[in-house]
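**Q** Supplied in structure tokens, the structure appears directly below.
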Amino acid sequence: MSDFETLERLLTSRRSCRGFTDEQVPREVIEQLLGAAQHTASWCNTQPWHVVITSGEATTKLREALLESPDGFGTDFDFPAAYTGVYDERRKDVGWQLYESVGVARGDREASAREMLRNYEFFGAPHAAIITTEADLGVYGAVDCGLYVDSFLLAAEALGLGTCAQAALAMRSQFLRDWFDLPETRRVVCAISFGYPDPEHPSANFTSRRAAIPEAATFVD
Numbered sequence: 000m001s002d003f004e005t006l007e008r009l010l011t012s013r014r015s016c017r018g019f020t021d022e023q024v025p026r027e028v029i030e031q032l033l034g035a036a037q038h039t040a041s042w043c044n045t046q047p048w049h050v051v052i053t054s055g056e057a058t059t060k061l062r063e064a065l066l067e068s069p070d071g072f073g074t075d076f077d078f079p080a081a082y083t084g085v086y087d088e089r090r091k092d093v094g095w096q097l098y099e100s101v102g103v104a105r106g107d108r109e110a111s112a113r114e115m116l117r118n119y120e121f122f123g124a125p126h127a128a129i130i131t132t133e134a135d136l137g138v139y140g141a142v143d144c145g146l147y148v149d150s151f152l153l154a155a156e157a158l159g160l161g162t163c164a165q166a167a168l169a170m171r172s173q174f175l176r177d178w179f180d181l182p183e184t185r186r187v188v189c190a191i192s193f194g195y196p197d198p199e200h201p202s203a204n205f206t207s208r209r210a211a212i213p214e215a216a217t218f219v220d
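Numbered as in numbering that gives the first Met the number 0, the sequence shown ends at 220 without a single skipped number.
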């Protein structure tokens, strides 16, 4: 298999995992993942990302604290002002794909709210990775962290791990800074839940659809 074929396989097989086993990922495997992701390109090689990894009891305590605390909502980076046109269509499409896979009926607000709260349970994952950048680096620090997240997801896929990148955890930015005693200059970009995927989970066969190339690219000759 060529390098491109391997990369293409990882890109097409990767999905947002929402069901994990409770098996802990060995530290050496996590370090292997992080070592690969550390080669992510960044503006002026600033490498602005810092990652807090939770395992075992630390994940359990964080999960419980997030669910028990009604306060501390607020993001460091503005969320989209609005979803319009095709972006709104894609957002709704993937949302209903997910809900249908786990048995949430349209209009069942109580069930959809429960599913949303699973973000703060890390979807049952044994590990969470909190990704932060330095405030002074602004939007480009966040962009570089986005590249890092992609490297993390692909490296995890290559290692047989499941992942779910979550903006929902960025809504608890100050809570996370306080919980992990992070400097006030660190800005929370997102979190990644990860571990070994549970093939029996109802969402295991759910994969989001992708736009065709003509919708995403313009050629100028």
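Using N, Cα and C, we set each Cβ at its ideal position, and we do this for glycine too. Values in this document were obtained by computation on a predicted structure and should not be read as measured data.
(1) Could you check the C-alpha separation between D75 and V93 for me, to the nearest Å?
(2) Given that a residue counts as buried once 16 or more other Cβ atoms are within 10 Å of its Cβ, and exposed if not, what is P47?
(3) Going by DSSP in three states, F72 sits in which element: helix, strand or coil?
(4) Just how far apart, CA to CA, sit E133 and F151?
(5) Name the DSSP beta bridge partners of S100, please?
(6) Does Q31 come out as helix, strand or coil in the three-state DSSP assignment?
(7) Can you give the beta carbon distance from S195 to E88, rounded, assuming they're within the 8 angstroms contact cut?
(8) If you reduce the DSSP assignment to three classes, tell me which class V142 lands in.
(9) So, under 8 angstroms CB-CB, D197 and A190 are touching, yes? Tell me the CB distance rounded to an integer number of Å.
(10) Apply the 10 Å Cβ neighbour rule to L116 and answer buried if 16 or more other Cβ atoms are within range, or exposed otherwise.
**A** If we stick to the structure as given:
(1) Here residue 75 corresponds to residue number 76 of the sequence shown, with the count starting at 1. Here residue 93 corresponds to residue number 94 of the sequence shown, with the count starting at 1. Taking the straight line from one Cα to the other gives about 25 angstroms.
(2) By one-based count along the sequence shown, residue 47 stands at place 48. Buried: at least 16 other Cβ atoms inside 10 Å.
(3) Taking the first residue of the sequence shown as position 1, residue 72 is located at position 73. Of the three classes helix, strand and coil, the one that applies to F72 here is coil, per DSSP.
(4) In the sequence shown, residue 133 corresponds to position 134, counting from 1. In the sequence shown, residue 151 corresponds to position 152, counting from 1. If you take the alpha carbons of E133 and F151, they lie about 19 angstroms apart.
(5) Locating residue 100 in the sequence shown gives position 101, counting from the first residue. Partner(s): none; S100 has no beta bridge.
(6) Here residue 31 refers to the residue found at position 32 of the sequence shown. Helix, per DSSP.
(7) By 1-based counting over the sequence shown, the position of residue 195 is 196. By 1-based counting over the sequence shown, the position of residue 88 is 89. A small fix is needed here, since residue 195 is Tyr in this sequence, not Ser. That pair is no contact at about 33 angstroms.
(8) Along the sequence shown, read from residue 1 onward, the residue named residue 142 stands at position 143. Three-state DSSP puts V142 in a helix.
(9) Position 198 of the sequence shown, counting from 1, holds the residue named residue 197. Position 191 of the sequence shown, counting from 1, holds the residue named residue 190. In fact, because the Cβ distance is near 19 angstroms, the residues do not count as touching under 8 angstroms.
(10) To locate residue 116, count along the sequence shown from 1; it is residue 117. Label assigned to L116: exposed.
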